[in-house]
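Residue numbers (my numbering), protein chains in the order written: chain A, 2 to 404; chain B, 2 to 404.
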């Protein structure tokens, strides 16, 4: 049962996602993608908010990890990566139309695949669809946002009890719905991240260096690498906020120049499994060794599914004063956790983080993109210029540049 | 929470639907269409059973009446009947492949649209998709079955309390899963309906006459009208059982020759609304007057949505000794209730009930097909030959022909 307070939260979050996040325009086709049936209350609220914003049509698609489990457990091999042609046709239509997209995370069943062979779990991904959607992403075809639906199951995974109100309280704070004027608060927040972006772009680092807590990682940057904050732009300049919450500034690294070892600082849900104690070793840009206390096979399965999956696609800086960080929670959800700590992603880059917004040599292209949290109070982050000047960026998870 | 007993019921019903109902063949593409998110437990069980039967891929699509409500309430006019092109592409693929289809009924939210304008509710139907799927149906492209998922919400609508176990008990009996050997029981049952079919085909009635309880209706038949029982055939002869439960024998009437007045003997869920006390008046085959205690506007909206919707497409005979009838329940669900009582459907005919299995003059074509229960102990049914010989078919809801 949804309480009246929760119904109000749903409506306010949905309106924020539609108006400020995806920035739905009158007459637009709107796609709502719910990761779980449990996300239905927010998916429905988004549909209502999108029609209120003038959407031409709202399509809601529910994913069901239990059906996926049946596929992985019992389906033929060829089915694992098959894309039903109508889903491809749908993706192309959304791309051609420049549709608005609201993706909803928040899954109480995220560990439902935990006992299945990691190799099959890793391979179970619609390959053609992933390529098509990477292509849409690279061409900035859509105004989109990712939000997270508090559910009792998700609350249970975090707190050990299905305390939905407590999870709502945390999420409302993360997405600034606890502010008297959330839209104004978001504008201030996005402005602040924009100032970080400007500072980083001005410093033109050759590489970043992460050290401490078992991590000693150098991430090379490209001459074309540009930083991005909360604000994204569709191909035609239409602004949207791609993640709500978001606390990161991020860029596209030189995929050929990652070296060293990095430890994940948070458990990582991948393809329905929880990867714990992940350690990745890079040489000449490539992940050459994967170790973990649990779930290493899922990561290895993902990396094996595409030859470019083992290269870095994104590096993101997040300080510990972020709204998400301040909750003190590990959400076991990528959207939230990646906004509490610095992270990297293996797989595809965002071409939006490249000057010219097009793929260049050294920027990675893949149909995988998995975020791994690597930051925390123990991990110092420096920027290093081509001349060897070292500029501290994060110490004790505190932002070091003026802003 | 699903109890272990309910989990076993789900598995057995799913296996029956896959193996005997849709008769899924190894290598087949299987489409599962769930009318509500609440049907997820059975949809997942069907997915597992279908893969176990050798399905090449199982696609599960969840409908959400709350999203539909948002569309009807807030969407632009043109959106009401729009078909997203990818759904059309999906339907065409399923048709071209001769896919297996399992449709799942059973909706606790069936009255969620009750307070919306009936005219918009009636018009809210994907028109192109309905035409495409009628075309698939007319060409018998798929091996399919319709089943019903017991849910707490549905139980609540029937019993006034969410007694899911009680609803399961009723459904298990209706679909013969209370028998020691359900498959053998289904074969005996289908054989019995086949004997009724043979008897009716042999008598070659010119028309049927329904009288009593406010009904006085004559339904003309075509020279090509053929009766069907539980067993249907795909275009290539592959047998399937299209409804589980099914208790009816049915045929395609002469759409030009329905005359008189008929009263619905059960409340009728149409497009998310409950129509009560429906009375239809026919003249020269056409519904010329719609009256009801509640919901007449939804029926009128449906009839107005297509010029052939007002003509008869199906007439079905069900006796009161049916498994469904014997539960003594009104299920408020078409699949169940139509198998407790004789019914008619306005809208599209089944070409499978025509000699030659193709549309002929006088057989109705529409993209609407709505079943209305018109039988009961008070309604006598006679067959009348071209020569005027009157043969009693049902008295006090008891079958009158030898079988």
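The beta-carbon is built from N, C-alpha and C at its ideal position, and this holds for glycine as well. Since the model is a prediction, treat every value here as computed from it, not as a measurement.
- Rounded to whole angstroms, the Cβ separation of residue 113 of chain B and residue 43 of chain B is 20 Å, and the two are not in contact under 8 Å.
- The alpha carbon of residue 243 of chain A has as its nearest neighbour, out of A:2, A:11, A:9, A:25, the alpha carbon of A:25.
- Following the DSSP letters along the chain, one finds residue 155 of chain A in no beta strand (DSSP E) but inside the alpha helix (DSSP H) bounded by residues 153-160.
- Contact check for residue 348 of chain A against residue 310 of chain A passes: the beta carbons are separated by less than 7 Å.
- The alpha-carbon of residue 266 of chain B is positioned some 26 Å away from that of residue 191 of chain B.
- By the neighbour-count criterion, in which a residue is buried when 16 or more other Cβ atoms sit within 10 angstroms of its Cβ, residue 203 of chain A is exposed.
- When only Cα atoms are considered, residue 8 of chain B and residue 102 of chain B end up about 22 Å apart.
- Secondary structure at residue 64 of chain B: coil, using DSSP grouped into helix, strand and coil.
- Shown here, residue 14 of chain B sits in a helix according to DSSP, grouped into three states.
- A Cβ of chain B is located within less than 7 Å of the beta carbon of residue 60 of chain A.
- Less than 7 Å separates the beta-carbon of residue 71 of chain B from that of residue 49 of chain A.
- For residue 264 of chain A, no Cβ of chain B is located within less than 7 Å of the residue's own Cβ.
- Contacts with chain A (Cβ-Cβ distance below 8 Å) from the region 76-110 of chain B involve 76, 77, 79, 80, 83, 85, 86, 87, 88, 90, 91, 94, listed in chain order.
- Secondary structure in the region 38-101 of chain B: the beta strand (DSSP E) runs of 3 residues or longer, each lying completely within the stretch, are 58-63 in chain order.
- The Cβ neighbour count for residue 28 of chain A, taken over all protein chains shown within 10 Å, is under 16; the residue is labelled exposed.
- Linking residue 161 of chain A to residue 355 of chain A through their CA atoms gives a straight-line distance of about 42 Å.
- Per the coordinates, the alpha-carbon of residue 124 of chain A lies some 12 Å from the alpha-carbon of residue 368 of chain A.
- By the criterion of at least three beta-carbon pairs nearer than 8 Å, the region 303-319 of chain B is in contact with the region 121-136 of chain B.
- For residue 64 of chain B, the closest alpha carbon among the candidates B:40, B:281, B:138 is that of B:40.
- In this structure, DSSP gives residue 400 of chain B an extended state, which the three-state scheme calls strand.
- In the three-state reduction of the DSSP assignment, residue 145 of chain A falls in the strand class.
- In the three-state scheme derived from DSSP, where H, G and I count as helix and E and B as strand, residue 255 of chain B is classed as strand.
- One finds 41, 44, 45, 61, 63 in chain B with Cβ atoms closer than 8 Å to the Cβ of residue 65 of chain A, taken in chain order.
- Two segments are said to touch when three or more pairs of C-beta atoms, one from each, lie closer than 8 Å; by this definition the region 326-341 of chain A does not touch the region 226-234 of chain A.
- Under the three-state reduction of DSSP output, residue 374 of chain B falls in the strand class.
- Within chain A, the residues 71, 72, 74, 75, 76, 77, 80 have their CB atoms less than 9 Å from the CB of residue 52 of chain B, given in chain order.
- Residue 189 of chain B sits exposed, since fewer than 16 C-beta atoms from the chains shown fall within 10 Å of its C-beta.
- Against chain B, a Cβ distance below 7 Å from residue 48 of chain A picks out 68, 71.
- Taking the C-beta atoms as reference points, residue 278 of chain B is found nearer than 7 Å to residue 293 of chain B.
- Every unbroken stretch of the beta strand (DSSP E) spanning 3 or more residues and falling wholly within the region 209-254 of chain A is given here in chain order: 216-222, 232-234, 240-242, 250-252.
- For the options B:333, B:30, B:166, the alpha carbon positioned closest to that of residue 143 of chain B is the one of B:30.
- Flagged as an interface residue toward chain B: residue 38 of chain A, by a C-beta distance shorter than 7 Å.
- Under the three-state reduction of DSSP output, residue 128 of chain B falls in the helix class.
- Rounded to the nearest whole angstrom, the C-alpha separation of residue 375 of chain B and residue 180 of chain A is 59 Å.
- Rounded to the nearest angstrom, the gap between the Cα atoms of residue 208 of chain B and residue 88 of chain A is 47 Å.
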